[in-house]
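Enquirer: Sharing a structure here in structure tokens format.
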Amino acid sequence: MDRYYFDNSATSFPKPDSVTEAMATFARECGASAGRGAYAEARACQDMIALCRSRIAQLINAEGPERIVFAHNCSEALCLAIRGLLNTAAAGTHAIATAMEHNSVLRPLNALADQAGLEPEFVACDGSTGLVDPEDIRKAIRPSTRLIACVHVSNVTGTLQPIAEVISVARQAGIVSLIDAAQSAGHVPLDVRALGADLVAFPGHKGLLGPLGTGVLYVRPGIEEILPTMKEGGTGTVSEDPRQPSTMPDKYEIGSHNAIGLAGLSEGVAWLLERGVASIRRHDEHLCRLFLEITDSVRGLTVYGPRDLRQRAGVFSVAVEHLEAGDLADRLEGDYGVLTRPGIHCAPLAHRTIGTMPGGTCRLSFGPFTNEAHVRHAAAALREIATR
Ligand SMILES: Cc1ncc(COP(=O)(O)O)c(C=O)c1O
Numbered sequence: 185m186d187r188y189y190f191d192n193s194a195t196s197f198p199k200p201d202s203v204t205e206a207m208a209t210f211a212r213e214c215g216a217s218a219g220r221g222a223y224a225e226a227r228a229c230q231d232m233i234a235l236c237r238s239r240i241a242q243l244i245n246a247e248g249p250e251r252i253v254f255a256h257n258c259s260e261a262l263c264l265a266i267r268g269l270l271n272t273a274a275a276g277t278h279a280i281a282t283a284m285e286h287n288s289v290l291r292p293l294n295a296l297a298d299q300a301g302l303e304p305e306f307v308a309c310d311g312s313t314g315l316v317d318p319e320d321i322r323k324a325i326r327p328s329t330r331l332i333a334c335v336h337v338s339n340v341t342g343t344l345q346p347i348a349e350v351i352s353v354a355r356q357a358g359i360v361s362l363i364d365a366a367q368s369a370g371h372v373p374l375d376v377r378a379l380g381a382d383l384v385a386f387p388g389h390k391g392l393l394g395p396l397g398t399g400v401l402y403v404r405p406g407i408e409e410i411l412p413t414m415k416e417g418g419t420g421t422v423s424e425d426p427r428q429p430s431t432m433p434d435k436y437e438i439g440s441h442n443a444i445g446l447a448g449l450s451e452g453v454a455w456l457l458e459r460g461v462a463s464i465r466r467h468d469e470h471l472c473r474l475f476l477e478i479t480d481s482v483r484g485l486t487v488y489g490p491r492d493l494r495q496r497a498g499v500f501s502v503a504v505e506h507l508e509a510g511d512l513a514d515r516l517e518g519d520y521g522v523l524t525r526p527g528i529h530c531a532p533l534a535h536r537t538i539g540t541m542p543g544g545t546c547r548l549s550f551g552p553f554t555n556e557a558h559v560r561h562a563a564a565a566l567r568e569i570a571t572r
């Protein structure tokens, strides 16, 4: 039976051939660690990492490549931003996020509440669309608010949040903004300069088409002055200084890089730059329309999240009456070769918002290699299971 990959929200698959080829070539022909040798291979590794950084900066229109800080995944990038800003904040400091956040935002904020008396507030979102109203964020601001965090695209409902408005609310109040772009980077055009975002975290291994073990934190110029390090160690630069460099991006990147991962990531981003994220977004919108049309009004089948394509991306939570999410995922895989993710998707408040706690939903998520035939197959499978 053919296998249909619908778990691009977890990690993208397949990757472009150029990604796997670059990783194999790096392992076979280079293998050196950047900044750790004066020989040609070490210099080549350094150049490769510099190129990866500038490609990512170009993709999101960052002010320069040094604004791109590498991490091992999006969770690590988010944790650096949240803990960096709030670890030393006084008890009673207030932070705002939305009810659609992933545990990668909820958990650091709640841990800081337990450990340091932070007061996180998760602004409620619409139960049908999952959308946050930026006005509700504005109303939640207190004199002690230090952070406004917002997910760009929900990993449960595909909801595309109005982040431009959310960032503008934060800027008007002089509060640092953090965008979780885990499900949007590479899927939806992202212009950090036009948005005026302070911090944007995203994985390299999802929409950017790189391998697992890669992630990024974009840091707006000047924000490094108020964002302490969370980890310190060797950078291969200014070795005579026993203190962490304050220059970007060395300030936040410690130890040997995941060079083989960055070799792949660089080609993933090159692939996106060539196609253009705007055209990938159009393809995704087309697939969303098709999926919604085929699954529309099927008795016993619920598709969550916005129906308006301008408010969503290709991440769909679905449920079939009288069937547990895990059993639905098993049937989809066993009978149709459709690979999905059942459960709570690390986003308990999002599931509470749409009324799918405690069982959760079954999630199908699209990527740039998902095509019409895949979507027709998965949607027809859902229709059959629901009406059988
Ligand atoms: C919205 C959101 N934020 C953060 C993450 C964490 O990403 P990573 O797996 O790269 O740590 C995910 C992963 O699924 C996500 O969907």
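Terminal number for the sequence shown in our numbering: 572, no gaps in between.
Just so you know, even glycine gets a beta-carbon here, dropped at the ideal spot from N, CA and C.
Small disclaimer: the values here were computed from a predicted structure and weren't measured.
#1: Taking buried to mean at least 16 other C-beta atoms within 10 Å of its own C-beta, is residue 197 buried or exposed?
#2: Quick one: Cα of residue 217 to Cα of residue 234, how far?
#3: Output the boundary residues of the beta strand (DSSP E) element that contains residue 303.
#4: What residues are listed by DSSP as bridge partners for residue 254?
#5: Count the other CB atoms within 10 Å of the CB of residue 548; is the residue buried (16 or more) or exposed (fewer)?
#6: Any heavy atom of ligand 1 inside 7 Å of the beta-carbon of residue 191?
#7: Beta-carbon separation of residue 338 and residue 559 under 8 Å?
#8: May I ask whether a heavy atom of ligand 1 can be found less than 7 Å away from the beta carbon of residue 201?
#9: Please confirm whether any heavy atom of ligand 1 lies closer than 7 Å to the CB of residue 366.
#10: With a threshold of 6 Å on Cβ separation, who are the neighbours of residue 573 within its own chain once the five nearest residues in sequence on each side are excluded?
#11: Helix or strand or just coil, what does DSSP make of residue 279?
#12: What span of residues does the alpha helix (DSSP H) with residue 478 cover, start to end?
#13: Please check the pair residue 550 and residue 468, which I expect to be a contact at CB under 8 Å, by giving their CB distance rounded to whole angstroms.
#14: Going by DSSP, what residues sit across from residue 501 in a beta bridge?
#15: Please list, in chain order, all residues of the same chain as residue 567 whose beta carbon is under 8 Å from its beta carbon, the five residues on each side excluded.
#16: Output the boundary residues of the beta strand (DSSP E) element that contains residue 364.
#17: Once you ignore the five residues that flank residue 564 on each side, which residues in its own chain have a CB closer than 6 Å to its CB?
#18: Could you check where the beta strand (DSSP E) with residue 333 kicks off and where it finishes?
#19: Would you kindly work out how many angstroms separate the C-alpha atoms of residue 314 and residue 446, rounded to a whole number?
#20: Would you mind giving the Cβ-Cβ distance between residue 282 and residue 316, rounded to the nearest angstrom? I have them listed as a contact below 8 Å.
#21: Around the Cβ of residue 456, are there at least 16 other Cβ atoms within 10 angstroms (buried) or fewer (exposed)?
#22: Where do the N-terminal and C-terminal ends of the alpha helix (DSSP H) with residue 540 fall, by residue?
#23: Residue 570 and residue 540: beta carbons closer than 8 Å?
#24: Can you give me the start and stop residues for the beta strand (DSSP E) that residue 209 sits inside?
#25: Kindly indicate which three-state DSSP category residue 191 falls into: helix, strand or coil?
#26: If you scan the region 372-457 from start to end, which runs of the alpha helix (DSSP H) of 4 or more residues do you find wholly inside it?
#27: Please list, in chain order, all residues of the same chain as residue 259 whose beta carbon is under 6 Å from its beta carbon, the five residues on each side excluded.
#28: Check each candidate in 226, 236, 508 and 193 and name the one with the smallest Cα separation from residue 400.
#29: Using a threshold of 8 Å, state whether the C-beta atoms of residue 331 and residue 362 are closer than that.
#30: Any idea if residue 356 is buried or exposed, counting beta-carbon neighbours within 10 angstroms, 16 or more meaning buried?
#31: Please classify residue 284 as buried or exposed, where buried requires at least 16 other C-beta atoms within 10 Å of its C-beta.
#32: Can you tell me which of 513, 505, 276 and 242 puts its alpha carbon nearest to the alpha carbon of residue 572?
#33: Given the structure, does residue 286 come close to ligand 1, in the sense that its CB is under 7 Å from one of the ligand's heavy atoms?
Expert: From the atom records:
#1: Reading the sequence shown from its first residue, position 13 is the one you call residue 197. Exposed: under 16 other Cβ atoms inside 10 Å.
#2: Residue mapping note: residue 217 aligns to position 33 of the sequence shown, counting from 1. Residue mapping note: residue 234 aligns to position 50 of the sequence shown, counting from 1. The straight-line gap from Cα to Cα measures roughly 13 Å.
#3: In the sequence shown, the residue the question calls residue 303 occupies position 119. From DSSP, the beta strand (DSSP E) with residue 303 extends over 303-307.
#4: The count along the sequence shown starts at 1 and reaches residue 254 at position 70. Paired residues: 400.
#5: Residue numbering aside, residue 548 sits at position 364 when the sequence shown is read from its first letter. Burial call: buried.
#6: On the sequence shown, position 7 is the one that residue 191 refers to. No, ligand 1 has no heavy atom inside 7 Å of this Cβ.
#7: The residue you call residue 338 lines up with position 154 of the sequence shown. The residue you call residue 559 lines up with position 375 of the sequence shown. No.
#8: Here residue 201 refers to the residue found at position 17 of the sequence shown. It does not: the Cβ of residue 201 is nowhere closer than 7 Å to a heavy atom of ligand 1.
#9: Here residue 366 refers to the residue found at position 182 of the sequence shown. Yes, the Cβ of residue 366 comes within 7 Å of a heavy atom of ligand 1.
#10: Here the chain has residues from 185 to 572 only, and residue 573 is not among them.
#11: Position 95 of the sequence shown, counted from the start, is the residue given in the question as residue 279. If DSSP states are grouped into helix, strand and coil, residue 279 belongs with the strands.
#12: Residue 478 sits at position 294 when you count from the first residue of the sequence shown. Run containing residue 478: 461-479, per the alpha helix (DSSP H) assignment.
#13: Here residue 550 refers to the residue found at position 366 of the sequence shown. Here residue 468 refers to the residue found at position 284 of the sequence shown. The Cβ separation is near 6 Å, so the contact holds.
#14: Here residue 501 is taken as the residue at index 317 of the sequence shown, counted from 1. Note: residue 501 sits in a beta bridge opposite 547.
#15: Residue mapping note: residue 567 aligns to position 383 of the sequence shown, counting from 1. Here the set comprises 478, 479, 482 and 485.
#16: The sequence position of residue 364 within the sequence shown is 180, counting from 1. Where residue 364 is concerned, the enclosing beta strand (DSSP E) stretches over 360-364.
#17: Locating residue 564 in the sequence shown gives position 380, where the first residue counts as 1. If we look at residue 564 and ignore the five residues flanking it on each side, it has no Cβ neighbours.
#18: Position 149 of the sequence shown, counting from 1, holds the residue named residue 333. Its beta strand (DSSP E) spans residues 329-335.
#19: For the purposes of this step, residue 314 is taken as residue 130 along the sequence shown, with counting starting at 1. For the purposes of this step, residue 446 is taken as residue 262 along the sequence shown, with counting starting at 1. About 34 Å.
#20: Within the sequence shown, residue 282 is the residue found at index 98, counting from 1. Within the sequence shown, residue 316 is the residue found at index 132, counting from 1. Contact holds; Cβ gap of about 5 Å.
#21: By one-based count along the sequence shown, residue 456 stands at place 272. Burial call: buried.
#22: Numbered from 1 along the sequence shown, position 356 holds the residue referred to as residue 540. Premise fails: residue 540 is in no alpha helix (DSSP H) and is neither H nor E.
#23: Locating residue 570 in the sequence shown gives position 386, where the first residue counts as 1. Locating residue 540 in the sequence shown gives position 356, where the first residue counts as 1. No.
#24: Along the sequence shown, one-based indexing puts residue 209 at 25. Looking at the DSSP string, residue 209 is not in any beta strand (DSSP E); the run it does join, the alpha helix (DSSP H), is 201-209.
#25: Here residue 191 refers to the residue found at position 7 when the sequence shown is read from its first residue. Residue state, collapsed to three classes: strand.
#26: Whole alpha helix (DSSP H) segments, 4+ residues: 376-379.
#27: Translated into the one-based positions of the sequence shown, residue 259 becomes position 75. The answer, listed in chain order, is 288.
#28: The residue given as residue 400 occupies position 216 in the sequence shown. Per the Cα distances, 236.
#29: Residue 331 sits at position 147 when you count from the first residue of the sequence shown. Residue 362 sits at position 178 when you count from the first residue of the sequence shown. Closer than 8 Å, so yes.
#30: Taking the sequence shown and counting its residues from 1, the one referred to as residue 356 is at position 172. The residue in question, residue 356, is exposed, as its Cβ has fewer than 16 Cβ neighbours within 10 Å.
#31: Stepping through the sequence shown from its first residue, residue 284 is reached at position 100. With 16 or more Cβ atoms within 10 Å of its Cβ, residue 284 is classed as buried.
#32: Here residue 572 is taken as the residue at index 388 of the sequence shown, counted from 1. The shortest Cα separation from residue 572 among 513, 505, 276 and 242 belongs to 505.
#33: Counting from 1 along the sequence shown, the entry for residue 286 is found at position 102. At least one heavy atom of ligand 1 lies closer than 7 Å to the C-beta of residue 286.
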